[in-house]
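A.B. asks: As you go down the protein sequences, you meet chains A and B in turn.
Using my numbering, read the first sequence as starting at 1122 and increasing by one per residue.
Using my numbering, read the second sequence as starting at 103 and increasing by one per residue.
We put the CB at the ideal spot given by N, CA and C, even for glycine.
Got a structure here, written out as structure tokens. Questions coming.
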Amino acid sequence: AQKVTQAQTEISVVEKEDVTLDCVYETRDTTYYLFWYKQPPSGELVFLIRRNSFDEQNEISGRYSWNFQKSTSSFNFTITASQVVDSAVYFCALRAYSGGGADGLTFGKGTHLIIQP
Amino acid sequence: GAVVSQHPSWVICKSGTSVKIECRSLDFQATTMFWYRQFPKQSLMLMATSNEGSKATYEQGVEKDKFLINHASLTLSTLTVTSAHPEDSSFYICSARRSVGRYEQYFGPGTRLTVT
């Protein structure tokens, strides 16, 4: 079975601060994909990144960066110089190949990020 | 590209009635579509996987007779909540995966169901 843990339920920072959202996953599969999604108040999920289990390179996209550490089963997400528009719920998700015969995503509980002006 | 729509975006129905939610992939073909449910301030939970032309695969604990899924074409899957009750009130989100190529799931905007 797969499991994704986002231990931080809510984080509140002041604008322009850097913030890191933690994600720890569990899977027995050697091939899997990890995702981050943003869910603003409108509810629509916004895809941020996909990483496969064979690619441990960290990635940077503008103010966003991701740190994939297979040794600790973590896939953390950092926002640099946060902005009010970054306020949302962020979900980490896992897709493996053996999950119940289907390959739907297993989501963490989400981290509610509040950026105060 | 890779746009997924859902209809309706919100619906209010009376207890005991049935509600149908549509999920469409607008600019690509999707052999597989997924249905998720999200209760307020909670995570998304996979309900079922819908494959075009075959029966849906339901996750443990999801009543297949209550949540009827039909995937009659490569661009449309429907979720029917039968005999809805207030506890079925939730945010229902579908996603679609391309028939070929990349593995991203493209999510629809969600449907908010309120059962009174």
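#1: Short of 7 Å Cβ to Cβ, which residues in the stretch 121-137 of chain B face chain A?
#2: For the stretch 1131-1143 of chain A against the stretch 119-128 of chain B, do three or more pairs of beta-carbon atoms, one drawn from each stretch, fall closer than 8 Å, so that the two count as touching?
#3: Between B/Ser120 and B/Ser185, which are expected to be in contact by the criterion C-beta below 8 Å, what is the C-beta distance as a whole number of angstroms?
#4: What residues in the stretch 1122-1151 of chain A bring their beta carbon closer than 8 Å to a beta carbon of chain B?
#5: Is A/Arg1171 close to chain B? Criterion is C-beta to C-beta, closer than 8 Å.
#6: Using the three-state DSSP reduction, which class does B/Glu189 fall into: helix, strand or coil?
#7: Could you tell me whether the stretch 1222-1236 of chain A touches the stretch 133-153 of chain B, using the rule of 3 or more Cβ pairs below 8 Å?
#8: Could you tell me whether the Cβ of B/Ser156 comes closer than 8 Å to any Cβ of chain A?
#9: Give a yes or no on whether the C-beta atoms belonging to B/Ile171 and B/Leu181 are separated by under 8 Å.
#10: So the candidates are A/Ala1202, A/Phe1196 and A/Arg1149; which of them puts its Cα closest to the Cα of A/Gln1127?
#11: Can you pull the chain A residues whose beta carbon is under 7 Å from the beta carbon of B/Gly212, in chain order?
#12: Name, please, each residue of chain A whose Cβ falls closer than 7 Å to the Cβ of B/Thr182.
#13: Exposed or buried, B/Gly68, counting other C-beta atoms within 10 Å across all chains shown (16 or more means buried)?
#14: Could you tell me if A/Pro1238 is buried or exposed, where buried requires 16 or more neighbouring beta carbons within 10 angstroms of its beta carbon?
#15: Going by alpha carbons, who is nearest to A/Ile1132 out of A/Ala1217, A/Ser1208, A/Gln1123 and A/Gly1229?
C.D. replies: In this structure, then:
#1: Within the stretch 121-137 of chain B, the residues whose Cβ lies closer than 7 Å to some Cβ of chain A are Phe136, listed in chain order.
#2: no
#3: 7 Å
#4: none
#5: Nearest CB-CB separation between A/Arg1171 and chain B: below the 8 Å threshold.
#6: helix
#7: yes
#8: Any Cβ of chain A closer than 8 Å to the Cβ of B/Ser156 would place that residue at the interface, and such an atom is absent.
#9: Taking 8 Å as the cut-off, the beta carbon of B/Ile171 is found closer than this to the beta carbon of B/Leu181.
#10: A/Phe1196
#11: Those are Gly1164 and Glu1165, listed as they occur along chain A.
#12: The premise fails here: B/Thr182 is roughly 19 Å from chain A at the closest Cβ pair, so nothing lies under 7 Å.
#13: The requested residue 68 of chain B is not part of the displayed model; chain B covers only 103 to 218.
#14: exposed
#15: Here the closest residue by C-alpha is A/Ser1208.
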